[in-house]
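Quick notes on the structure that follows.
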Amino acid sequence: MYSFTDRDGTSLTLRPEATAGVVRAYLESGLVHTDPTARLWYAGPMFRRERPQRGRYRQFYQIGAEVLGRDDPLADAELLVMLNAYLAAVGARDARLELNSLGDATCRPVYRERLREFGQAHLEALCPDCHRRLERNPLRLLDCKVEGCRAVMERAPVMRDSLCEACRTHFTAVRALLDQEGVPYVLDLRLVRGLDYYCRTAFEVVAEGLGAQNAVGGGGRYDGLVAALGGPDVAGVGFALGVDRLAMIVAGDGEARPQLAAVVLPLEERAVGPALDFATRLRREGLAVGLEPPGRSLKALLRGADRQGARLAVIVGEEELKAGRVTVRDLVRREDRPLALALDSPGADLARWVRAEAGA
Ligand code: HAM
C-alpha cells in the first residue's frame with residue numbers, strides 16, 4: 115500500500131491494484147448472490163511506492179478483467195484467449211505469454227518447504243534480501259534479480275514436480291485449450307508472482323524493449339482471495355495490463371494513428387457550419403475524417419491534408435456554398451471533382467462514396 119499523511123494530517127492510502135477491490139465490491143454489492151459467476155473489468159490509475167525508473171512509476175494505469183466464481187480450466191483459457199486477441203488487436207506483436215502453475219493449498223506448502231530447505235543449504239550464496247525472503251516467503255527466492263541468486267536458483271526444485279493430482283489435471287487442461295486455440299506461450303517453471311494471493315495458473319506478458327521492467331501484464335488464479343476477504347469459498351481468475359508499458363511497446367510505428375479517409379476544408383467563415391455538419395455525418399458512419407479551420411490559402415490547406423495522410427480533401431468555398439455541393443480533390447491522383455456531392459446528402463450515401471473513392 116502507498117500510505118502517507120496528507121498536508122492537513124489526514125492519512126491517505128492509495129490502491130496498488132484492483133483485484134482485491136473488485137473482490138470486495140463483488141461481496142459488498144451482493145453480486146456474490148445475484149451474479150456469482152460475474153465477469154468484470156476495470157481501468158484506472160494505481161499507485162505503488164516504488165523507486166521510479168523507466169516503465170516503473172508511482173502512479174500508473176491498468177486495465178484488467180476478472181472472472182469470479184469459476185474454478186474450471188475453461189475460465190482460465192477463455193481469459194487468456196481474450197488477452198491474446200487484445201494484444202494482437204492493439205499491435206503488441208512481440209509480447210510473449212509466460213505460464214506456470216503455482217499449486218494450491220494442498221501442494222504449495224510442501225513445495226515451499228522444499229524450497230526453504232534448498233535455500234538454507236545455499237545460504238552463503240544468497241543476497242541479504244533473499245535471507246529475509248527465506249523466512250517470510252521462500253517462493254520469492256525465484257524472483258530475485260541478483261545474478262548470484264539467479265545462478266543458485268537455476269538448480270532449485272520447481273513447483274511442477276510438487277503439484278498435486280488436482281492441480282496437475284487443471285494445468286494440463288488449461289494448456290490443452292490454449293494449444294487448441296493456437297495461443298502461443300512459454301512455460302516458465304520459475305515464474306512466481308509479486309502478489310501473494312495466487313494459486314494454480316499464473317502468468318505474465320513480457321516484451322522486449324522495456325528494459326528491466328519487462329512485464330506488460332500479469333495475472334492468474336486467486337481461489338482463496340474471496341474467502342480471505344470474508345466471503346464464501348469462491349474461486350477467481352483475472353489479469354491486469356499496464357497501460358503505460360503497453361503504450362511503450364505499441365507506440366512508435368505510427369500504426370495506432372487512424373488513416374484519414376478525408377479532410378474537410380471550409381474556405382471561409384460561412385462554410386464552417388456546413389463543413390462541421392458534413393464531417394459529422396461521415397464520422398457517424400465510422401469514417402476517420404479530419405476538419406481544418408479556414409484562414410489559410412487553399413494550397414496550404416491541401417498540403418496540410420496531404421501531410422495528414424488523407425486520400426481526399428473535401429472543399430467548401432464560395433462557389434460550393436452557392437451550388438449546395440462540395441468539390442472533392444483526390445490528393446493522390448491530384449485531380450478535382452468539382453461539385454461532386456450535395457452538401458446535405460445523407461451520411462450513409464456520403465460514406466459509401468468516400469469509401470469507394472478513398473479505398474477506406
Ligand atoms: P501486477 O503484475 O502487479 O498484477 O501488475 C500488472 C501490470 O501493471 C504489470 O505487468 C505492469 O505492466 C503494470 N505495473 C505494475 N506496477 C507498475 C508500475 N509501478 N509502473 C508502471 N506499470 C506498473 C496485478 O496488479 C494484479 N492485480 C493482476 C491480476 C488481476 N491478477 C488477477 N487479476
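Per the working numbering, the sequence shown starts with residue 115, numbered consecutively.
The beta-carbon is built from N, C-alpha and C at its ideal position, and this holds for glycine as well.
Original post:
Whose C-beta lies closer than 6 Å to the C-beta of residue 379 among residues of the same chain, with five residues either side of it excluded?
Top reply: 406, 415, 427 and 429
**OP:** Output the distance between the C-alpha atoms of residue 116 and residue 170, rounded to the nearest integer angstrom.
**Re:** 14 Å
Subject >> Contact test: residue 336 Cβ vs the ligand HAM heavy atom, cutoff 7 Å >> reply: yes
Original post:
Anyone know if the C-beta pair for residue 363 and residue 199 falls short of 8 Å?
Top reply: Residue 363 places its beta carbon 8 Å or farther from that of residue 199.
Original post:
Is it right to say residue 448 is buried, meaning 16 or more other beta carbons lie within 10 angstroms of its own, or is it exposed?
Top reply: exposed
Subject >> Proximity to residue 256 [Cα-Cα], best of 302, 223 and 324 >> reply: 302
Subject >> Straight-line Cα distance separating residue 120 from residue 188 >> reply: 45 Å
Original post:
Cβ of residue 180 versus every heavy atom of the ligand HAM: is any distance shorter than 7 Å?
Top reply: yes
Original post:
Would residue 361 pass as a contact of residue 424 if the rule is Cβ separation under 8 Å?
Top reply: Contact flag unset, no.
**OP:** Return the CA-CA distance between residue 432 and residue 372, expressed in angstroms with no decimal places.
**Re:** 30 Å
Original post:
Taking C-beta to C-beta, are residue 152 and residue 177 nearer than 8 Å?
Top reply: no
Original post:
Taking Cβ positions, are residue 221 and residue 305 nearer each other than 8 Å?
Top reply: no
Original post:
When the distance is taken between beta carbons, is residue 335 closer than 8 Å to residue 312?
Top reply: In this structure, residue 335 lies closer than 8 Å to residue 312 by Cβ.
Subject >> Residue burial classification, residue 137 (beta-carbon count within 10 angstroms, cutoff 16) >> reply: buried
Subject >> DSSP three-state assignment for residue 215, whether helix, strand or coil >> reply: strand
Original post:
Counting pairs of beta carbons, one from the region 271-288 and one from the region 313-325, are three or more of them closer than 8 Å?
Top reply: yes
Subject >> Own chain, CB closer than 7 Å to residue 250, minus 5 neighbours either side, in chain order >> reply: The same chain holds no residue with a CB closer than 7 Å to that of residue 250 once the five nearest residues on each side in sequence are set aside.
Subject >> Continuous alpha helix (DSSP H) stretch holding residue 201: start and end >> reply: 187-203
Subject >> Beta-carbon proximity check, residue 133 vs residue 332, cutoff 8 Å >> reply: no
Original post:
Whose C-beta lies closer than 8 Å to the C-beta of residue 439 among residues of the same chain, with five residues either side of it excluded?
Top reply: Apart from sequence neighbours up to five positions away, the residues of its chain that approach residue 439 with a beta-carbon distance below 8 Å are 453, 454, 455, 456 and 457, ordered along the chain.
Original post:
Does DSSP put residue 286 in a helix, in a strand, or in coil?
Top reply: helix
Original post:
For the alpha helix (DSSP H) that contains residue 263, what are its first and last residues?
Top reply: Note, residue 263: alpha helix (DSSP H), 261-267.
Subject >> Check whether residue 194 and residue 211 have beta carbons under 8 Å apart >> reply: yes
**OP:** For residue 382, count neighbouring C-beta atoms within 10 Å of its own C-beta (all shown protein chains included) and say buried if the count is 16 or more, exposed if not.
**Re:** By the Cβ-count criterion, residue 382 is exposed, with fewer than 16 other Cβ atoms from all chains shown falling within 10 Å of its own Cβ.
Original post:
Going by C-alpha distance, which of 337, 243, 242 and 275 is nearest residue 350?
Top reply: Here the closest residue by C-alpha is 337.
Original post:
First and last residue of the beta strand (DSSP E) that includes residue 404?
Top reply: 403-405
Original post:
If you measure from the CB of residue 193, is any heavy atom of the ligand HAM nearer than 7 Å?
Top reply: Proximity of the beta carbon of residue 193 to the ligand HAM is not indicated: no heavy atom of the ligand is located closer than 7 Å.
Subject >> Inter-residue spacing [alpha-carbon to alpha-carbon] between residue 174 and residue 359 >> reply: 9 Å
**OP:** Only counting runs of 4 or more residues, tell me where the alpha helix (DSSP H) segments fall wholly within the region 381-459, in order along the chain.
**Re:** Look at the region 381-459 and you find these whole runs of alpha helix (DSSP H), each 4 residues long or longer: 386-398, 412-421 and 432-437.
Subject >> Rounded C-alpha distance that separates residue 473 from residue 214 >> reply: 45 Å
Subject >> DSSP three-state assignment for residue 159, whether helix, strand or coil >> reply: strand
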